[in-house]
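Q: Below you will find the structure I want to go over with you.
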Amino acid sequence: MERFNSGQVVPATVPFPEGVRVGNMLYLSGQLGNVPGQLKLVDGGLRAEARQTLENIRTVLRGQGLDLQHLVRCTVMLADMADWPAFNEVYREFFVSTPLPARSALGCNGLALGARVEIECIAADES
Numbered sequence: 236m237e238r239f240n241s242g243q244v245v246p247a248t249v250p251f252p253e254g255v256r257v258g259n260m261l262y263l264s265g266q267l268g269n270v271p272g273q274l275k276l277v278d279g280g281l282r283a284e285a286r287q288t289l290e291n292i293r294t295v296l297r298g299q300g301l302d303l304q305h306l307v308r309c310t311v312m313l314a315d316m317a318d319w320p321a322f323n324e325v326y327r328e329f330f331v332s333t334p335l336p337a338r339s340a341l342g343c344n345g346l347a348l349g350a351r352v353e354i355e356c357i358a359a360d361e362s
């Protein structure tokens, strides 16, 4: 088992790793739409946060030699389920030429940093 944290997405001082690799499986910690390397959300609301969240996921995956096509499952947490249609529009932008992973979307009573969206993912390294 290997825990990894590049510090590129969230500061290395947070009490959790970017993810954990067990064999060929990667379990990513929940990602927010934070400014890379900072504990500050991007400006612009749900769409901007969703884009940055997915970019942060991509950054974590690339740090492990993977990309979005390696995702097998994502769990999406929304602070307001009314944002689900807008989130889906942004989500589709990232999977135009990549197969969609299995996914769940849940409404939450609150997310870290006051975020509107958080996504945790599982990826498979088939190399």
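This note's numbering applies: residue 236 is where the sequence shown begins, and numbers increase by one.
Even glycine gets a Cβ: it sits at the ideal position worked out from N, Cα and C.
(1) Glu237 bridges to which residues according to DSSP?
(2) Measuring only the C-alpha atoms, how far is Ala283 from Glu361?
(3) Using only the alpha-carbon positions, how far apart do Leu313 and Arg238 sit?
(4) Can you look up Gln243 in the DSSP assignment and give me helix, strand or coil?
(5) Suppose contacts are defined by Cβ-Cβ distances below 8 angstroms. Is Ala358 in contact with Leu261 by that definition?
(6) Just the Cα atoms here: how many angstroms apart are Arg308 and Val352?
A: Straight from the coordinates:
(1) Note: Glu237 sits in a beta bridge opposite Arg256.
(2) Straight through space, the alpha carbons of Glu361 and Ala283 are spaced by roughly 31 angstroms.
(3) Rounded to the nearest angstrom, the two C-alpha atoms are 26 angstroms apart.
(4) Gln243 carries a coil assignment under DSSP once its states are collapsed to helix, strand and coil.
(5) Between Ala358 and Leu261, the gap from beta carbon to beta carbon is short of 8 angstroms.
(6) Straight through space, the alpha carbons of Val352 and Arg308 are spaced by roughly 16 angstroms.
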